[in-house]
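Whatever position you read off the sequence shown (first residue = 1), add 251 for this note's numbering.
Notes follow once the structure below has been shown.
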Amino acid sequence: MTLGARGPWEFVLQFRGQKVVGMLLVGTAIATSTVMFQTVTTNRILTPSIMGFDAIYLLLQTVLAWTLGAAGLTQLDGRLMFAVETLGLMAFAGALYYWLFVVGHRSLHLLVLAGIVLGVMLRSFTNLLQRVMDPLTFAVLQDATFASFNTFDARLLPAAAVLVGLALLAAWRLRYRLDILALGRDMAVGLGVDYRRTVTYALLVITALVAVSTALVGPVAFFGLVVANLAYALVRSYRHQHVLPAAALLAALVLVLGQTVLERLLGLGTSLSVIVEFVGGLLFIYLVLRGVVR
252 MTLGARGPWE FVLQFRGQKV VGMLLVGTAI ATSTVMFQTV TTNRILTPSI MGFDAIYLLL
312 QTVLAWTLGA AGLTQLDGRL MFAVETLGLM AFAGALYYWL FVVGHRSLHL LVLAGIVLGV
372 MLRSFTNLLQ RVMDPLTFAV LQDATFASFN TFDARLLPAA AVLVGLALLA AWRLRYRLDI
432 LALGRDMAVG LGVDYRRTVT YALLVITALV AVSTALVGPV AFFGLVVANL AYALVRSYRH
492 QHVLPAAALL AALVLVLGQT VLERLLGLGT SLSVIVEFVG GLLFIYLVLR GVVR
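And the structure:
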């Protein structure tokens, strides 16, 4: 926080402290949600973004830009946007879970497939709305929807910290049942776990973490994949009391160190999200070709 600091210390520490807190919250939320999602799906190459969260986020931003215009979008209160985006993402996921998994008693794999299909449909509708926008509004929209770890709205951090803290507490209470879920559905049922109830609870926790992180920085697809697989490799254990803290610490470390290197050595010549997504995409291809699924 003090590297290359110039100017009043009060301003420097406050400004950098907000960035560090924001990156800690986002990194912890993404890492925890990814590990939990890979556990309930018993698949190490999936991330929660496959459920269409990024598509919902882009659609919400696009609809607001299309109805309010460039000036209206930039003048919206950040706290209102955060609330709308978080509640919108949670409402979408909650409705999907309730419709297919609770009422319809469908399988988890069908739920994931439905999320993929809905994500494609929503992206197509978003592209349609973007094509009829004026260039200025589209430029403002592109800037608003691009994931950025460089700045955080300080007014959003307290609410985000409370939501992430509650979700992390719920995830930690699930750690032993997650160990059993990692063995597969049949083994979990045989060991006495209420599979459908536990998975639904875990999915709601995942939704809350993804909604908060997406509302803070924007959609990030592969970052969770990177830190989750790094945690598996370093910890060499599938016990969630070890994997969850390790993944959260690695995520925070990658974001803080990565942003520091970009600012101090590369002069912000590129965005951290671009590098993270590039590395994550390469890792995804490697895992697919290697056949690492469970």
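Ideal Cβ placement from N, Cα and C applies to all residues, glycine included.
Quantities reported herein were computed from a predicted structural model and do not represent experimental measurements.
Report the option in P470, L276, F474, A482 whose CA atom is closest to the CA atom of A398. Residue mapping note: residue 398 aligns to position 147 of the sequence shown, counting from 1. The option with the nearest alpha carbon to A398 is P470.
Relative to the C-alpha of L420, which candidate in L540, G268, A280, V468 has its C-alpha closest? Residue numbering aside, residue 420 sits at position 169 when the sequence shown is read from its first letter. Measuring from the Cα of L420, the nearest candidate turns out to be A280.
Contact check, I296 vs L481, beta carbons under 8 angstroms: Residue numbering aside, residue 296 sits at position 45 when the sequence shown is read from its first letter. Residue numbering aside, residue 481 sits at position 230 when the sequence shown is read from its first letter. No; because the gap between Cβ atoms is not below 8 angstroms, this pair is not in contact.
For the alpha helix (DSSP H) that contains M341, what are its first and last residues? Counting from one through the sequence shown, the residue named residue 341 turns up at place 90. In the DSSP assignment, M341 falls within the unbroken alpha helix (DSSP H) covering 329 to 347.
Can you list, in chain order, the residues of its chain whose CB lies under 7 angstroms from that of R490, leaving out five sequence neighbours each side? Indexing the sequence shown from 1 puts residue 490 at position 239. If we look at R490 and ignore the five residues flanking it on each side, its Cβ neighbours are D430.
Mind pulling the alpha helix (DSSP H) runs of 4 or more residues that sit fully within the segment 425 to 498? DSSP runs (the alpha helix (DSSP H)) wholly in the segment 425 to 498: 426 to 432, 436 to 441, 446 to 468, 474 to 486.
Length of the line joining the Cα atoms of M252 and L501: In the sequence shown, counting from the first residue as 1, residue 252 sits at position 1. In the sequence shown, counting from the first residue as 1, residue 501 sits at position 250. A caution first: M252 carries a pLDDT of 48, below 50, which makes its placement in the model too unreliable to give a value.
F397 (DSSP reduced to helix, strand or coil): Taking the first residue of the sequence shown as 1, we reach residue 397 at position 146. If DSSP states are grouped into helix, strand and coil, F397 belongs with coil.
How many angstroms separate the CA atom of R374 from the CA atom of L311? Within the sequence shown, residue 374 is the residue found at index 123, counting from 1. Within the sequence shown, residue 311 is the residue found at index 60, counting from 1. Taking the straight line from one Cα to the other gives about 11 angstroms.
T337: which of V456, H360, V291 sits nearest, CA to CA? Walking along the sequence shown from the start, residue 337 turns up at place 86. Nearest neighbour of T337 by Cα position, chosen from V456, H360, V291, turns out to be V456.
Tell me which same chain residues have a C-beta within less than 6 angstroms of the C-beta of A498, skipping the five on either side of it? Position 247 of the sequence shown, counting from 1, holds the residue named residue 498. Taken in chain order, the residues that qualify are A282, V286, V478, A479, A482.
For chain D, is any of its Cβ atoms less than 8 angstroms away from the one on S375? Looking for chain D here will not work: only one protein chain is present.
With C-beta atoms as the reference, is F352 less than 8 angstroms away from T451? Reading the sequence shown from its first residue, position 101 is the one you call residue 352. Reading the sequence shown from its first residue, position 200 is the one you call residue 451. Contact check for F352 against T451 passes: the beta carbons are separated by less than 8 angstroms.
Between the alpha carbons of L364 and M372, how many angstroms are there, rounded? Translated into the one-based positions of the sequence shown, residue 364 becomes position 113. Translated into the one-based positions of the sequence shown, residue 372 becomes position 121. CA-CA distance, L364 to M372, rounds to 13 angstroms.
Buried or exposed: Y349, going by 16 or more other Cβ atoms within 10 Å of its Cβ? Counting from 1 along the sequence shown, the entry for residue 349 is found at position 98. Using a 10 angstroms sphere on the CB of Y349, the tally of other CB atoms stays under 16, which defines it as exposed.
Would you check if the segment 401 to 415 and the segment 324 to 339 touch, i.e. whether three or more CB-CB distances between them fall below 8 angstroms? Under the Cβ criterion (8 angstroms, minimum of three pairs), the segment 324 to 339 counts as touching the segment 401 to 415.
Are three or more beta carbon pairs between the segment 315 to 330 and the segment 520 to 532 nearer than 8 angstroms? Touching, no.
Closest residue to G273 among Q381, R447, S464 (Cα-Cα distance): Position 22 of the sequence shown holds residue 273. The shortest C-alpha separation from G273 is found at S464.
Considering Cα atoms alone, identify which of L417, Q289, L495 is closest to R426. To locate residue 426, count along the sequence shown from 1; it is residue 175. It is L495.
Cα-Cα separation, P386 to L309: In the sequence shown, the residue the question calls residue 386 occupies position 135. In the sequence shown, the residue the question calls residue 309 occupies position 58. If you take the alpha carbons of P386 and L309, they lie about 17 angstroms apart.
From A439 to Q289, what distance separates their C-alpha atoms? Residue 439 sits at position 188 when you count from the first residue of the sequence shown. Residue 289 sits at position 38 when you count from the first residue of the sequence shown. Going from the Cα of A439 to the Cα of Q289 covers about 15 angstroms.
Considering only residues of the same chain and omitting the five flanking positions on each side of L347, which have a CB-CB separation below 8 angstroms? Here residue 347 corresponds to residue number 96 of the sequence shown, with the count starting at 1. Excluding sequence neighbours, L347 sits near M302, L362, A365, G366, L369.
At which residues does the alpha helix (DSSP H) containing A244 begin and terminate? The structure shown does not extend to residue 244, since the chain is modelled only from 252 to 545, so the question has no answer here.
Within 10 angstroms of the Cβ of G531, are there 16 or more other Cβ atoms? Answer buried if so, exposed if not. Counting from 1 along the sequence shown, the entry for residue 531 is found at position 280. It is buried - the Cβ of G531 has at least 16 other Cβ atoms within 10 Å.
Closest Cα partner of L380 within the set Q393, V314, G320, L340: The sequence position of residue 380 within the sequence shown is 129, counting from 1. Out of Q393, V314, G320, L340, V314 has the C-alpha closest to the C-alpha of L380.
Span of the alpha helix (DSSP H) around V383: As a first step, residue 383 must be located in the sequence shown, where it is residue number 132. Counting along the chain, V383 falls outside any alpha helix (DSSP H), and DSSP gives it neither H nor E.
Could you say which of A306, L340, G320 lies nearest to L460 if we only look at CA atoms? Numbered from its first residue, the sequence shown carries residue 460 at position 209. Nearest C-alpha to L460 among A306, L340, G320: L340.
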